[in-house]
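Everything below concerns the one structure shown next.
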Amino acid sequence: MEPSPSATPPPHQPMPDDESSEAWVSWANAQPAMGTLGLTCTSVDPEESVFALGLSAFPINPNRSVHGGQISAATDQVMAVVAARASAAGLIPVTSSLHVQFHAPAFLPITIRGRLLPSGFRIKYVEVVVTDAAGDRCATGHGTMVGASVERRLPGSTA
1 MEPSPSATPP PHQPMPDDES SEAWVSWANA QPAMGTLGLT CTSVDPEESV
51 FALGLSAFPI NPNRSVHGGQ ISAATDQVMA VVAARASAAG LIPVTSSLHV
101 QFHAPAFLPI TIRGRLLPSG FRIKYVEVVV TDAAGDRCAT GHGTMVGASV
151 ERRLPGSTA
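Mapping of the sequence shown onto full-length UniProt numbering: position 103 corresponds to residue 103, and the numbering continues sequentially without gaps.
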């Protein structure tokens with residue numbers, strides 16, 4: 001049975017050859033999960049990437065804080081961008097592990113900063129910090145991203 005067109009994932013977006021922050025911000029914001037999560041990339045640098053989290057399809061909690069599932073999914077997306085920026089050509093980072101610890105309710109507007117920790121060639125360790133408008137830490141995420149070969153055909157890839 002063929003999947004319906006809406007169930008077919010969009011093709012993989014090749015990572016930019018241009019090392020500029022502008023090229024990486026454009027690439028990050030073109031990823032399909034970004035809009036769904038209410039996530040906007042504002043800067044991508046080798047040391048740190050910064051994102052703004054806004055309203056999305058996720059429900060707001062009864063106390064008006066952002067749903068933890070949205071924060072966890074956004075953390076995973078931020079980790080992918082940070083790891084992609086640090087990965088060698090021909091490798092696509094995929095999530096191997098993700099841990100998010102919630103410290104306090106997160107109220108909009110939210111800033112998410114991702115930072116590459118000391119890592120290897122294929123294995124990338126990423127720390128993500130979620131802060132509120134006052135700059136208070138609401139959540140911290142840690143994860144491991146593994147570089148998968150782009151030669152292996154991914155679902156939705158056209159090449």
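Built from N, CA and C at the ideal position, the CB exists for glycine as well.
Note that the coordinates shown come from a computational prediction; the quantities given were computed from them, not determined experimentally.
Going by C-alpha distance, which of the options is nearest residue i?
| i | options | result |
| --- | --- | --- |
| T95 | A88, D76 and V82 | D76 |
| H67 | E127, V126, L91 and G38 | G38 |
| T131 | Q13, Q101 and T144 | Q101 |
| R115 | G141, L53 and S20 | G141 |
| E47 | R85, A73, A74 and P16 | R85 |
| I123 | A133, S97 and H103 | S97 |
Return the CA-CA distance between residue i and residue j, expressed in angstroms with no decimal places.
| i | j | result |
| --- | --- | --- |
| H99 | G35 | 23 angstroms |
| A28 | V81 | 6 angstroms |
| S43 | P62 | 32 angstroms |
| P3 | P118 | Note on P3: pLDDT 48, under 50, position unreliable in the model; the coordinate value appears next. C-alpha separation (whole angstroms): 40 angstroms. |
| G120 | S56 | 34 angstroms |
| residue 161 | R113 | Beyond the ends of the chain as shown, which are 1 and 159, falls residue 161; an answer cannot be given. |
| V50 | Q31 | 15 angstroms |
| V26 | E151 | Strictly speaking, residue 26 in this sequence is Ser, with Val absent from that position. C-alpha separation (whole angstroms): 24 angstroms. |
| M15 | F58 | 28 angstroms |
| D45 | A52 | 15 angstroms |
| R137 | G54 | 17 angstroms |
| residue 175 | I92 | Nothing about residue 175 can be reported from this structure: the residues present for the chain run from 1 to 159 only. |
| G135 | I60 | 20 angstroms |
Output yes if chain B places a C-beta closer than 8 angstroms to the C-beta of residue i; else output no.
| i | result |
| --- | --- |
| R113 | In the structure shown, chain B cannot be found, because there is only a single protein chain. |
Could you check how far apart the C-beta atoms of residue i and residue j are, in whole angstroms? I think they sit under 8 angstroms.
| i | j | result |
| --- | --- | --- |
| P144 | Y125 | The question names Pro, yet the displayed sequence has Thr at residue 144. The Cβ separation is near 6 angstroms, so the contact holds. |
| A139 | I71 | 5 angstroms |
| S65 | P105 | 4 angstroms |
| M79 | V128 | 6 angstroms |
Where does residue i sit, in a helix, a strand or coil, going by DSSP?
| i | result |
| --- | --- |
| G38 | coil |
| E22 | helix |
| T33 | Going by the sequence as given, residue 33 is Ala instead of Thr. Here A33 sits in helix by DSSP. |
| A28 | helix |
| S4 | Note that S4 has pLDDT 49, beneath the 50 cutoff, so the model's placement of it is unreliable and the number below is only indicative. Note: S4 maps to coil in three-state DSSP. |
| F58 | coil |
| E48 | strand |
| S65 | coil |
(message) At 3 residues or longer, what runs of the beta strand (DSSP E) sit wholly inside the region 68-141?
(response) Taking only runs of at least 3 residues, the beta strand (DSSP E) segments lying wholly in the region 68-141 are 91-102, 110-117 and 123-131.
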